[in-house]
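One structure is given below, encoded as structure tokens.
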Amino acid sequence: MMKKFLIIALATGLISVTSICTVQAAETKETVALSPKVGKKLLELQDMAQAKQCAAAIPQAQSMLTWKNVTGYEKVQIYNFMGYCHYTMDNMNGAIRAYEDVMAQGADVPLGIQQSILQTLSSLYLSQENYSKALSTIDRLMRIVPDPTAELWVLKGQAHYQAGQYSQVIKPIDRAIQMYKNLGKSPKENWLLMSRHAAFEQGDYRAMSNFIRELIRYYPKDSYIAQLAGAYSQSGDNKKFLALTEVLYDAGLKTDASTIKNLSQLYLIEEIPYKAAKILEKEMNSGRLDRSLDNMKLLANSWFQAREDRKAVPVLKQAAESSRDGEMYIRLAQSYMNLDNWKECLPAVNNALQYGVKNREAAYTMKGMCHINLEQLDSAKSAFAQVGGRVQRQWDRYIENELKIRKKLEQELDIKQDFRRDEILENTDTDTGN
2 MMKKFLIIAL ATGLISVTSI CTVQAAETKE TVALSPKVGK KLLELQDMAQ AKQCAAAIPQ
62 AQSMLTWKNV TGYEKVQIYN FMGYCHYTMD NMNGAIRAYE DVMAQGADVP LGIQQSILQT
122 LSSLYLSQEN YSKALSTIDR LMRIVPDPTA ELWVLKGQAH YQAGQYSQVI KPIDRAIQMY
182 KNLGKSPKEN WLLMSRHAAF EQGDYRAMSN FIRELIRYYP KDSYIAQLAG AYSQSGDNKK
242 FLALTEVLYD AGLKTDASTI KNLSQLYLIE EIPYKAAKIL EKEMNSGRLD RSLDNMKLLA
302 NSWFQAREDR KAVPVLKQAA ESSRDGEMYI RLAQSYMNLD NWKECLPAVN NALQYGVKNR
362 EAAYTMKGMC HINLEQLDSA KSAFAQVGGR VQRQWDRYIE NELKIRKKLE QELDIKQDFR
422 RDEILENTDT DTGN
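The structure is reproduced here in structure tokens:
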């Protein structure tokens with residue numbers, strides 16, 4: 002009977018096992034004994050606790066503290082039992098007081114019990130959201146543990162995490178992760194998730210992406226792959242973001258309208274407009290992407306940037322007419338220019354100027370070029386006058402030269418015509434004389 006063990010187990014999974022008869026103190030190898038009277042009473046109280054009679058057992062344990070000649074170690078066991086009872090009754094404050102009373106016994110508390118009680122207290126303080134006490138208790142524990150376990154490092158990181166001290170979270174948890182890896186074990190998923198969130202809260206998206214890669218490595222899920230793409234986006238690593246988004250799309254894991262637009266925009270950012278246009282056109286035809294004005298603009302700009310003017314023109318025209326956007330009209334005019342379609346270019350430029358463009362000088366320059374190619378030199382000169390400066394002077398000289406050339410050609414043509422007429426008249430007179 003005297004060899005029976007009192008097991009103090011908490012729902013948190015932290016377990017303290019203490020013999021109520023003899024405990025060997027690890028640091029001194031000295032055997033610490035309970036008196037028969039105290040040992041017998043504690044066994045009775047343990048039976049009451051197992052019968053869920055903790056409410057009645059606690060006052061009896063409390064009265065034992067008033068007995069004569071109760072040793073410090075016996076108080077350790079009494080308070081330990083009271084802490085367990087308070088815990089099973091969901092009285093966390095009572096449990097904390099009792100366990101702190103255990104630690105107050107100082108040198109009478111064996112090292113093994115100190116470690117167990119401090120770890121229990123750390124979890125209790127966390128459950129009560131008393132983060133400063135939780136952290137100070139964890140530090141007390143780490144000072145007496147020669148080699149803190151990975152779980153203890155995680156507990157410290159968790160305390161910082163719950164306290165919102167995100168800059169202090171990653172280091173202790175990373176230490177736990179490395180300890181597990183060194184043992185050939187996989188880091189626990191919730192450790193990596195906690196570190197990922199801490200990195201996110203600090204805006205450290207590169208660290209965040211590293212933790213997500215670890216999650217994918219040990220716990221592969223489609224959701225983590227999508228999160229990694231988002232992390233690359235946040236960190237501005239567009240090449241990796243594009244590569245991963247492309248993989249998700251090609252694998253059929255992400256084919257929603259938002260992903261399609263993001264992918265096409267990434268192609269444009271990375272100067273791959275042809276791919277952007279192809280995917281937009283494909284998904285509009287499939288019905289997964291609607292032909293909204295914004296989507297049509299995106300498709301039009303993609304074909305335009307890809308210099309696929311014949312494909313760009315109908316889309317640009319539709320987008321420009323629907324939006325009455327001067328910038329869309331100016332792109333339409335540029336595509337017409339690239340195709341040497343000056344007749345259609347001119348009204349497109351006029352519409353651009355009517356609805357407004359950022360660079361009016363460039364628009365008037367385009368308008369002047371349209372008039373020149375339509376041989377409307379006076380109108381061209383008027384258009385270039387709106388530009389002014391060096392551009393106007395250069396085009397004015399060009400127009401003057403054109404006019405001179407035309408005048409000279411006209412004069413030469415008149416001379417040839419006069420000569421031909423005189424020649425015909427002379428031949429006619431000769432024939433008449435004969």
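Position 241, counted from 1, in the sequence shown is what the working numbering calls 242; the numbers after and before it change by one each time, with no gaps. Built from N, CA and C at the ideal position, the CB exists for glycine as well. No experiment lies behind these values; they were computed from the predicted model shown.
In the DSSP assignment, find the unbroken alpha helix (DSSP H) run with residue i in it and report its ends.
i           : result
residue 277 : 274-287
residue 192 : 190-202
residue 368 : 361-374
residue 339 : 327-339
residue 354 : 343-356
residue 154 : 151-163
residue 52  : Per DSSP, residue 52 belongs to no alpha helix (DSSP H) and is neither H nor E.
residue 388 : Segment: none, residue 388 is in no alpha helix (DSSP H) and carries neither H nor E.
residue 259 : 258-270
residue 312 : 310-324
residue 206 : 206-219
residue 1   : There is simply no residue 1 to check, as the chain begins at 2 and stops at 435 in what is shown.
residue 176 : 171-183
residue 292 : Where residue 292 is concerned, there is no enclosing alpha helix (DSSP H), given that its DSSP letter is neither H nor E.
residue 73  : 73-89
Can you give me the C-alpha to C-alpha distance between residue i and residue j, rounded to a whole angstrom?
i           : j           : result
residue 22  : residue 150 : Residue confidence is low: residue 22 scores 30 on pLDDT, short of 50, so the model does not pin down where it sits. No coordinate-derived value is stated.
residue 80  : residue 146 : 22 Å
residue 287 : residue 224 : 25 Å
residue 388 : residue 265 : 36 Å
residue 138 : residue 156 : 11 Å
residue 186 : residue 177 : 11 Å
residue 314 : residue 333 : 6 Å
residue 115 : residue 193 : 30 Å
residue 214 : residue 229 : 7 Å
residue 371 : residue 295 : 29 Å
residue 342 : residue 317 : 15 Å
residue 391 : residue 384 : 14 Å
residue 298 : residue 172 : 47 Å
residue 235 : residue 167 : 18 Å
residue 164 : residue 198 : 13 Å
residue 212 : residue 130 : 26 Å
residue 122 : residue 135 : 7 Å
residue 282 : residue 153 : 55 Å
residue 446 : residue 308 : Any property of residue 446 remains undetermined from this structure, which presents the chain solely from 2 to 435.
residue 441 : residue 90  : For residue 441 there is no data in the structure shown, the boundaries of the chain being 2 and 435.
residue 382 : residue 397 : 7 Å
residue 97  : residue 170 : 25 Å
residue 386 : residue 240 : 45 Å
residue 34  : residue 41  : 13 Å
residue 280 : residue 256 : 11 Å
residue 88  : residue 221 : 38 Å
residue 39  : residue 63  : 12 Å
residue 7   : residue 94  : In this prediction, residue 7 has a pLDDT of 34, which is less than 50 and means its spatial position is unreliable; what the coordinates show is noted afterwards. About 22 Å.
residue 92  : residue 242 : 50 Å
residue 368 : residue 203 : 52 Å
residue 48  : residue 78  : 15 Å
residue 361 : residue 159 : 60 Å
Going by beta carbon distance, what residues of the same chain come within less than 6 Å of residue i, once the five residues before and after it are set aside?
i           : result
residue 327 : 353, 356, 357 and 358
residue 338 : 346
residue 254 : 223
residue 284 : 261 and 290
residue 143 : 149
residue 181 : 151 and 188
residue 324 : 294
residue 208 : 200
residue 380 : 372
residue 330 : 321, 349, 352 and 353
Using a Cβ-Cβ cut-off of 7 Å (strictly less than) and excluding sequence neighbours within five positions of residue i, which residues of its own chain qualify?
i           : result
residue 258 : 289 and 290
residue 141 : 119
residue 61  : 46
residue 86  : 50, 55, 58 and 59
Am I right that residue i and residue j are in contact with their C-beta atoms under 8 Å? What's the rounded C-beta distance?
i           : j           : result
residue 109 : residue 84  : At roughly 16 Å, the Cβ-Cβ gap does not stay under 8 Å, so residue 109 and residue 84 are not in contact.
residue 46  : residue 58  : 5 Å
residue 378 : residue 400 : 5 Å
residue 82  : residue 43  : 6 Å
residue 36  : residue 75  : 7 Å
residue 349 : residue 320 : About 12 Å; that fails the 8 Å criterion.
residue 267 : residue 306 : Rounded, the Cβ-Cβ distance is 14 Å, inconsistent with contact.
residue 195 : residue 174 : 6 Å
With 8 Å set as the bound, which would you pick, yes or no: does the beta-carbon of residue i sit closer than that to a beta-carbon of chain C?
i           : result
residue 106 : In summary, chain C is missing from the structure at hand, where a single protein chain is found.
Considering only residues of the same chain and omitting the five flanking positions on each side of residue i, which have a CB-CB separation below 8 Å?
i           : result
residue 344 : 375
residue 245 : 226, 229, 230 and 233
residue 311 : 340
residue 404 : 378
Is the stretch 266-276 close to the stretch 248-258, with three or more CB pairs under 8 Å? no
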